[in-house]
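First the structure, in the form of structure tokens, and then the observations on it.
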Amino acid sequence: MNALIHGHSGLRWIVLILLLVAIVRAFARKNSGTYAQSDKMINLFAMMSVHIQITLGIILAFVSPKVNYVEGWMKMGPYRFFGLEHILLMVLAAVLITIGRKKAEKAELPAKKHAAIALWFTIGLIIILAAIPWPFREALGGRWA
Ligand code: HEM
154 MNALIHGHSG LRWIVLILLL VAIVRAFARK NSGTYAQSDK MINLFAMMSV
204 HIQITLGIIL AFVSPKVNYV EGWMKMGPYR FFGLEHILLM VLAAVLITIG
254 RKKAEKAELP AKKHAAIALW FTIGLIIILA AIPWPFREAL GGRWA
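Whatever position you read off the sequence shown (first residue = 1), add 153 for my numbering.
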């Protein structure tokens, strides 16, 4: 349980860094006329890191005391956050990131491939940033790693 929480907590940084690298590359290489194997790989790994995080999260949702559908949970900030907002927003972000990568793979032109990543990964990243229980959201009891 502890290892799971620490794994899930620490993996956030890998997810954020991979998404950021993928996005910066997509914007920077949009007009380069090429979509290299390295682009394909970084986009794939970024998506996979999100999927692994979702898998760990789903397991956590069954065992974590922070997910507790007691009576009135919707009115209790932390229960509402972990039992609804965190799960819903993260799954949404993962779906958008997966759609973006599929669109990038399907597009013919390199510029269109990069554009799909730039758009969909950016939206996904923003949602993920908003749905992380950052330590400065004190009621949620989160940590930095
Ligand atoms: C990209 C997707 C996700 C990211 C980046 C992410 C990130 C995080 C972070 C940073 C924490 C705080 C850990 C801590 O401070 O100790 C956390 C906690 C948690 N996450 Fe996620 N999460 C994601 C997806 C999910 C999903 C899809 C679920 C459930 C289906 C989930 C369930 C949980 C639960 C239950 C906790 C509380 C664990 C505890 O302390 O008991 N997460 N998540």
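By construction, the Cβ of each residue, glycine as well, lies at the ideal position given by its N, Cα and C atoms.
Where residue i sits in the DSSP three-state scheme
{"i": "tyrosine 188", "result": "coil"}
{"i": "tryptophan 287", "result": "coil"}
{"i": "proline 218", "result": "coil"}
{"i": "leucine 262", "result": "coil"}
{"i": "alanine 298", "result": "coil"}
Closest residue to residue i among the options (Cα-Cα distance)
{"i": "valine 223", "options": "Ile211, Gly236, Val216", "result": "Gly236"}
{"i": "valine 216", "options": "Ala156, Ile285, Ala257, Ile281", "result": "Ala156"}
{"i": "glutamine 190", "options": "Lys219, His267, Leu169", "result": "His267"}
Under 8 Å between C-beta atoms of residue i and residue j
{"i": "alanine 292", "j": "glycine 230", "result": "yes"}
{"i": "proline 263", "j": "serine 162", "result": "no"}
{"i": "alanine 179", "j": "phenylalanine 274", "result": "yes"}
{"i": "leucine 164", "j": "serine 202", "result": "yes"}
{"i": "alanine 199", "j": "leucine 241", "result": "no"}
Contacts around residue i, its chain only, beta-carbon distance under 7 Å, and the 5 residues preceding and following it disregarded
{"i": "isoleucine 207", "result": "Met243, Val244, Ala247"}
{"i": "histidine 204", "result": "Ala247"}
Residue i beta carbon near ligand 3 (any heavy atom closer than 7 Å)
{"i": "valine 203", "result": "Judged by which ligands are present, ligand 3 is missing from the structure shown, whose ligands are ligand 1."}
Beta-carbon proximity list for residue i, same chain, < 6 Å, skipping 5 on both sides
{"i": "methionine 227", "result": "Arg233"}
{"i": "lysine 256", "result": "Ala269"}
Cβ neighbours of residue i in the same chain (closer than 8 Å, five flanking residues each side left out)
{"i": "leucine 123", "result": "The requested residue 123 is not part of the displayed model; the chain covers only 154 to 298."}
{"i": "leucine 209", "result": "Leu157, Gly160, His161, Leu164"}
CB contact check: residue i to chain C, cutoff 8 Å
{"i": "methionine 194", "result": "Included in the structure is just one protein chain, with no chain C present."}
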